[in-house]
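Engineer: Let me begin by handing over the structure; questions about it come next.
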Amino acid sequence: MQISQEMIKAINEQISHEASSANAYIAIGSWCERTGYDGSASFFLEQAAEEKEHMLKFIHYLNNAGYEAIIPAIEKPPGSFESLEASFRFGLDSERKVTKEIYELVDIAAKEKDYSTYTFLQWFVTEQTEEETLFQTILQKFELLGRDKLAIYQVDQSLSSIRSKVGGMQQN
Numbered sequence: 001m002q003i004s005q006e007m008i009k010a011i012n013e014q015i016s017h018e019a020s021s022a023n024a025y026i027a028i029g030s031w032c033e034r035t036g037y038d039g040s041a042s043f044f045l046e047q048a049a050e051e052k053e054h055m056l057k058f059i060h061y062l063n064n065a066g067y068e069a070i071i072p073a074i075e076k077p078p079g080s081f082e083s084l085e086a087s088f089r090f091g092l093d094s095e096r097k098v099t100k101e102i103y104e105l106v107d108i109a110a111k112e113k114d115y116s117t118y119t120f121l122q123w124f125v126t127e128q129t130e131e132e133t134l135f136q137t138i139l140q141k142f143e144l145l146g147r148d149k150l151a152i153y154q155v156d157q158s159l160s161s162i163r164s165k166v167g168g169m170q171q172n
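Okay, so the sequence shown: first residue is 1 according to my numbering, each after it adds one.
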């Protein structure tokens, strides 16, 4: 399979973005754990594992095509948040950024008529739609339940079952 240098560079940049997302979700999970939000801690740590899987998909794609996947250094993510809701807003913003980056990869593949990469990227397009929906669903809970201590506790507790409720999420 022939992949252009521009696409290889862009995929390697995406590997870096996925690694940074995983690291950020670990940091948020750690903050949640320290703060007593056990359901949210588990949620964000699971999100981190998924981002790592996404990174590995890109690495395997390049490696299997005979190109070098570059494993990035990662910057330190934020370590605390003003509220549980703010941590989920950060997550939604992060997912929206990743969606934009995936779309840019799709644009390069389409422009270059790289149909193999274009097809490979379609899984990520679907995945990002699911991820944004998931974070929007969680943020809606703050609107529905409120922001007092009991409401925040209920939101936190609901996170253990939310994945199964949002369209059968995360089919790898």
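Every residue, glycine too, gets a C-beta built ideally from N, C-alpha and C.
(1) Where does Gly29 sit, in a helix, a strand or coil, going by DSSP?
(2) Who are the near neighbours of Glu85 in its chain, counting only those whose CB is closer than 6 Å to its CB and skipping five residues on each side?
(3) Could you have a look at Ile138 and say whether DSSP puts it in helix, strand or coil?
(4) If you check the beta carbons only, do Leu145 and Ala151 fall under 7 Å apart?
(5) Would you call Glu6 buried or exposed, if buried means 16 or more other Cβ atoms sit within 10 Å of its Cβ?
(6) Go ahead and pull the three-state DSSP assignment for Asn75.
(7) Excluding the five sequence neighbours on either side, which residues of its own chain have a C-beta within less than 8 Å of the C-beta of Asn63, listed in chain order?
(8) Under the assumption that Ile28 contacts Phe90 (Cβ atoms under 8 Å), give the Cβ distance between them as a whole number of angstroms.
(9) Roughly how many whole angstroms lie between the Cα atoms of Ile8 and Tyr115?
Structural biologist: Straight from the coordinates:
(1) DSSP places Gly29 within a helical segment (H, G or I) once states are collapsed to three.
(2) Phe142
(3) helix
(4) Inclusion of Leu145 and Ala151 in the CB contact set at 7 Å is warranted, their separation being smaller than that value.
(5) exposed
(6) Residue identity check: residue 75 is Glu in the sequence provided, not Asn. In this structure, Glu75 counts as coil in the three-state DSSP scheme.
(7) Ala69, listed in sequence order.
(8) 7 Å
(9) 14 Å
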